[in-house]
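In the UniProt record's numbering, the protein residues as written are 1 to 1142. Every residue gets a Cβ at the ideal spot worked out from N, C-alpha and C, and that includes glycine. From a predicted model like this one, the values you see are computed outputs, not experimental measurements.
Structural data, given as structure tokens:
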């Protein structure tokens, strides 16, 4: 199916559902077809008149004039809005402020909530000469916009400042000093900044930026110096200010400068930013010393990066130390399920690493970025391990990994990790030297011509490979190579001497008729260790080291080709390892172990129905009436409950009610307000000169409401538990009808803050699939529009590889009923149909009798920091805990696949049950993570630009591999990427490495299946001891220093400032009441912090410290903590459980 036809089919179904639900109730989610529509829909929550105001058309015309994503579109739209071309404003301040929101909304494609909550507002402040200037206020949610968008606000605001002829910001010395201290404090105490400008940089920027970067406090901590500045209203740290200034304008200054060169004059702001070239020079000078150090490294242009180890948590293993031999071997390419920050490893690696890594698990990595989600790829190399009997084996499949798992004593090499070129391009990271792999060998062969290519296809054995390499001057194939660069020259020399003087050769005839050499060497511990590090498969037999299929090993050492005397002569000529081997065997020997990268377990994979605190079934407040579990059935048994509700009146029934729709007659009720002065209900916003409120504490008899709800639904067997909420956080008191809670309880569904049921999952990319992998028949796929595989053949076989359509989704089904998306959405579908039939008296629309009926149903994807949902279509289910969908779909949600999660909801559930009135009023919760607008069509020009770097070729060119050896910049090498086909969305895209099945490997991390922290840490340390690429003593130090000691100290601090809690109603007290019981209900009081919670890691820390010989400093600190705890709680004989017990 062509992309246009596919999009039209989805849009038709979306419109059909809108029309269907629209006949039943009002749908308050605008439907958008492009960025202009999304901007109108998003910002209409602040000004409903913006819908269909002409702004969307203006944006389309501006894009046609300039180009999509051009900053001039944002600035023109902002100015036009501020000039009241679309909506009339009460004053110029409101007009300019809304104009800035429009500009930012365009820069962020109308998807994220930053224009609503990240940009808090505009303030006019007085310059020292009395003229007014702009102060742009930012909050924490500006982070969701990204650095470039945050920087754009400064430019957009300045263009508006120039247009309306306001003054420039004139920072005082005190304000400059305050900001320098504030940035440092934020970075030290609140959150690590991605980019921390130097003091000189901050000083220069603050003296020149034409608008003030202001903000609301985001922390209780005050700045450490320069408080009480007259024009800054708070002394507390303002996170939004630090983010915009540092991660926004400072970090993206080069990009801002380049963009402004093209259009600054058009808006009369060229003089406002002419300081940028000088700032860029200052920025370069500020970091010159660090850069100079790296340039001095002649042999190693990229130094080990330990940053990914800084936040190591207990129970989450380190798999490899930075650039350490035996770690993850970097391999270039893209599997069907990698790219957009995700990486692939051999499924056998998952198993050998004791199941800690599952599909979808996050790895924190050394490079090219900070993190990645992990997926399986069976066509790259797995681990090389040493068994307890001394055998060394290469393991490349799950079956072998499971078979030998218990016998593994050491993981010599973890195996490959597959990163695509696009990730290096996105991060701007230097290309690291590629190991010599089969695909590189194939490119060399291709460079030799068609005859060489045809001859290479006929190669059957080692001897033929040798002859081929000599004939065409091609390096020996990596299948016959070992990790020769990983041993010292002296060890290689000793190995050569030992092999030449101690070898015994036998021959074994293969089925093919070829004779394979079997090498016997007398057992020598040092020689054996050298052979182990080389990764040569062997075993012990008596007092001999036995290497089967030793032809390649012996040939590479020149054994049988040259005499021992000649070999010794070559050894003494000062060659490198690989040069020496070439001299000995006469064929080029490449490095198969060029780059190893570090990695550790980040967050484990996740796939689960979203749950709020206490897992409510309905947004219905009952305060403490239902006990700790908020059970509405318990609350209904009481005569009255008191909670905050909205004020409504039904004219037809002549009664006051708490519902916006009368639960007796079904009529829409009138909303009333409450005057706090006279205590009366009114419909006036102001009464007695004071603002009235829509929500007030009321005492209601819940029983009749609940009885009517059961009667309306025709339910006789009532559920024992229907969970409500303690209170609602919206200002209008809107709540859900009880009928929704009853049905959700019956179907075991939890409600989200906006009235929908959501399913969260780790984001995993996939560009191609096989029907067998997703459990969908070929016939059904053809019905959905899939007709041909990527090679143009008609789909007939479940093993064929098919290119995924851009908005299709493969849901996870591994786990219990709330972790199985098919099970969850099956129940949601039945809930929807029951609501339609029993509550709305309408017909069913879902008609789902089994999970297979969900195929073809529409969902909406939404990332946590966004406010625009993207429509998707279910086409199948994986047996993992990963949310598989196209990289474009992830990018449409403004996400990548570095281990973060997103949510999906059934479209019908959203249209039927989403209620904007339910959303909390607090910043960050009001609009963020809420589907304020829905996009039915995925527009490639509006998705996150990271997806444009995804490479789409079936092989990398020879020039690429050669360039990596020189640490080339990604921009120095040309490989086709998504950005090259934006005008041709129907173009077939490819991958470089296939995998047998996307469901291979481990589907749930052992981190999640192991119970206690002791079990997790015990298993972690067992693994750390086995991995050659890990410093186990250092891991022990980090766990104790950065996790356990911090936890113990933090809990001890909380113990001294703890509250008291009522076990019955959960009321909390800073100090215990004199009567010794809860003053609300008379329940018993308990402490909120216990001795056990403080000491839970103490014995474990002491045991680890003793076993792994950590530093005396850390040991002393642990002993001092132990003494302090003993003095507080008294001497106790603690039963310490040894790690060896596990």
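Quiz item: Leaving out the 5 sequence neighbours to the left and right, which residues in its chain are closer than 8 Å to residue 200 when beta-carbon positions are compared?
Solution: Translated into positions along the chain shown, residue 200 becomes position 200. Once the five neighbours on either side are set aside, the close Cβ partners of residue 200 are 282, 286.
Quiz item: When the distance is taken between beta carbons, is residue 1007 closer than 8 Å to residue 604?
Solution: In the chain shown, counting from the first residue as 1, residue 604 sits at position 604. In the chain shown, counting from the first residue as 1, residue 1007 sits at position 1007. Result yes, Cβ atoms of residue 604 and residue 1007 sit closer than 8 Å.
Quiz prompt | Close beta carbons around residue 892, own chain, < 6 Å, minus the five adjacent residues each side | solution = In the chain shown, residue 892 corresponds to position 892, counting from 1. Correct list, in chain order: 870, 938, 943.
Quiz item: Between the stretch 952-968 and the stretch 901-918, are three or more C-beta pairs nearer than 8 Å?
Solution: No: fewer than three Cβ pairs fall under 8 Å.
Practice problem: Could you check what DSSP says for residue 723 in three-state terms: helix, strand or coil? | Solution: Here residue 723 corresponds to residue number 723 of the chain shown, with the count starting at 1. Strand, per DSSP.
Practice problem: Quick one: give me the first and last residue of the beta strand (DSSP E) that residue 893 is part of. | Solution: Locating residue 893 in the chain shown gives position 893, where the first residue counts as 1. Residue 893 -> no beta strand (DSSP E), and no H or E assigned at all.
Self-check item: Close beta carbons around residue 951, own chain, < 7 Å, minus the five adjacent residues each side
Solution: Your numbering for residue 951 matches position 951 in the chain shown. 334, 420, 421, 422, 975, 976, 977.
Practice problem: Could you name each continuous beta strand (DSSP E) segment of 3 residues or more that falls completely within the stretch 765-847, going from the start of the chain to the end? | Solution: 808-812
Exercise. Quick one: residues in its chain with C-beta nearer than 8 Å to the C-beta of residue 10, no 5 flanking neighbours on either side, listed in chain order?
Key: In the chain shown, residue 10 corresponds to position 10, counting from 1. Within the same chain, residue 10 has close Cβ partners 807, 858, 871, 873, 936, 937.
Practice problem: Determine the direct distance from the alpha carbon of residue 249 to that of residue 154, and round the result to whole angstroms. | Solution: In the chain shown, counting from the first residue as 1, residue 154 sits at position 154. In the chain shown, counting from the first residue as 1, residue 249 sits at position 249. If you take the alpha carbons of residue 154 and residue 249, they lie about 8 Å apart.
Practice problem: Take the Cβ of residue 289 as the centre, count every other Cβ of all protein chains shown within 10 Å, and call the residue buried at 16 or more, exposed below. | Solution: The residue you call residue 289 lines up with position 289 of the chain shown. Its pLDDT being 46, under 50, residue 289 is placed unreliably by the model, and nothing is read from it.
Self-check item: Residues near residue 876 in its chain [Cβ-Cβ closer than 7 Å; skip 5 each side]
Solution: Numbered from 1 along the chain shown, position 876 holds the residue referred to as residue 876. 774, 775, 776, 810, 855.
Quiz prompt | Where residue 2 sits in the DSSP three-state scheme | solution = Counted from its first residue, the chain shown places residue 2 at position 2. Residue state, collapsed to three classes: coil.
Quiz item: Within this structure, are the beta carbons of residue 242 and residue 205 separated by less than 8 Å?
Solution: For the purposes of this step, residue 242 is taken as the residue at position 242 of the chain shown. For the purposes of this step, residue 205 is taken as the residue at position 205 of the chain shown. Contact flag unset, no.
Exercise. Give the single residue among 1069, 1061, 783, 161 whose Cα lies nearest to the Cα of residue 209.
Key: Taking the first residue of the chain shown as position 1, residue 209 is located at position 209. Considering only alpha carbons, the answer is 161.
Practice problem: Could you give the DSSP three-state label for residue 1001: helix, strand or coil? | Solution: Translated into the one-based positions of the chain shown, residue 1001 becomes position 1001. Residue state, collapsed to three classes: coil.
Practice problem: Starting from the N-terminal side, write out each stretch of the beta strand (DSSP E) that is 3 residues or longer and does not extend beyond the stretch 122-183. | Solution: 132-138
Quiz item: Hey, out of 152, 946, 213, whose CA is closest to residue 136's CA?
Solution: The residue given as residue 136 occupies position 136 in the chain shown. Residue 213 is the option with its Cα nearest to residue 136.
Quiz item: What is the DSSP secondary structure of residue 918, reduced to helix, strand or coil?
Solution: The residue you call residue 918 lines up with position 918 of the chain shown. Residue 918: helix per DSSP, three-state reduction.
Quiz item: Helix, strand or coil: which one does DSSP assign to residue 1106?
Solution: Position 1106 of the chain shown, counting from 1, holds the residue named residue 1106. Looking at residue 1106 - three-state DSSP - the assignment turns out to be helix.
Quiz item: In angstroms, rounded to a whole number, what distance separates the CA positions of residue 453 and residue 822?
Solution: Numbered from its first residue, the chain shown carries residue 453 at position 453. Numbered from its first residue, the chain shown carries residue 822 at position 822. Taking the straight line joining both Cα atoms gives about 47 Å.
Practice problem: Using a threshold of 8 Å, state whether the C-beta atoms of residue 751 and residue 619 are closer than that. | Solution: What you label residue 751 is simply residue 751 of the chain shown in a count that begins at 1. What you label residue 619 is simply residue 619 of the chain shown in a count that begins at 1. In contact: residue 751 and residue 619 (Cβ atoms closer than 8 Å).
Self-check item: Three-way DSSP call (helix, strand, coil) for residue 1062 in this model
Solution: Reading the chain shown from its first residue, position 1062 is the one you call residue 1062. DSSP places residue 1062 in strand when its eight states are reduced to three.
Quiz prompt | For residue 411 and residue 385, believed in contact at Cβ under 8 Å, the rounded distance | solution = As a working note, residue 385 is residue 385 in the chain shown. As a working note, residue 411 is residue 411 in the chain shown. Contact holds; Cβ gap of about 5 Å.
Quiz item: Using the C-alpha atoms, what's the distance from residue 170 back to residue 297?
Solution: On the chain shown, residue 297 is found 297 positions in, with the first residue counted as 1. On the chain shown, residue 170 is found 170 positions in, with the first residue counted as 1. The predicted model places residue 297 with a pLDDT of 41, which falls under 50 and marks its position as unreliable, so this point remains unresolved.
Quiz prompt | Other residues of its chain near residue 178: CB distance less than 7 Å, five sequence neighbours each side excluded | solution = Taking the chain shown and counting its residues from 1, one reaches residue 178 at position 178. 223, 226, 229, 232.
Quiz item: Is DSSP giving residue 199 helix, strand or coil here?
Solution: Translated into the one-based positions of the chain shown, residue 199 becomes position 199. Reduced to three states, the DSSP call for residue 199 is helix.
Quiz item: Under 8 Å, do residue 868 and residue 933 count as touching if we go by C-beta distance?
Solution: Translated into the one-based positions of the chain shown, residue 868 becomes position 868. Translated into the one-based positions of the chain shown, residue 933 becomes position 933. For residue 868 and residue 933, yes; Cβs fall inside 8 Å.
Self-check item: Stretch pair the stretch 333-351 + the stretch 366-375: three plus CB contacts closer than 8 Å
Solution: yes
Quiz prompt | According to DSSP, residues forming a beta bridge with residue 858 | solution = Residue mapping note: residue 858 aligns to position 858 of the chain shown, counting from 1. Within the DSSP secondary-structure output, residue 858 pairs in a beta bridge with 873.
Practice problem: List the residues that DSSP assigns as beta-bridge partners of residue 951. | Solution: For this step, residue 951 is matched to residue 951 along the chain shown. DSSP, once it has assigned bridges, lists 977 as partnering residue 951.
Quiz item: On the three-state DSSP scale, how would you describe residue 733?
Solution: Here residue 733 refers to the residue found at position 733 of the chain shown. The answer is coil: DSSP assigns residue 733 none of H, G, I, E or B.
Quiz item: Given that a residue counts as buried once 16 or more other Cβ atoms are within 10 Å of its Cβ, and exposed if not, what is residue 307?
Solution: In the chain shown, the residue the question calls residue 307 occupies position 307. So residue 307 counts as exposed.
Quiz item: Taking C-beta to C-beta, are residue 887 and residue 925 nearer than 8 Å?
Solution: Position 887 of the chain shown holds residue 887. Position 925 of the chain shown holds residue 925. Their beta carbons are not under 8 Å apart, which means residue 887 does not touch residue 925 by this criterion.
Quiz prompt | Selection from 109, 114, 77 that minimises the alpha carbon distance to residue 940 | solution = Counting from one through the chain shown, the residue named residue 940 turns up at place 940. Of the listed residues, the one whose Cα sits closest to residue 940 is 109.
Exercise. State the Cα-Cα distance for the pair residue 764 and residue 139, rounded to the nearest angstrom.
Key: Reading the chain shown from its first residue, position 764 is the one you call residue 764. Reading the chain shown from its first residue, position 139 is the one you call residue 139. The alpha-carbon of residue 764 is positioned some 30 Å away from that of residue 139.
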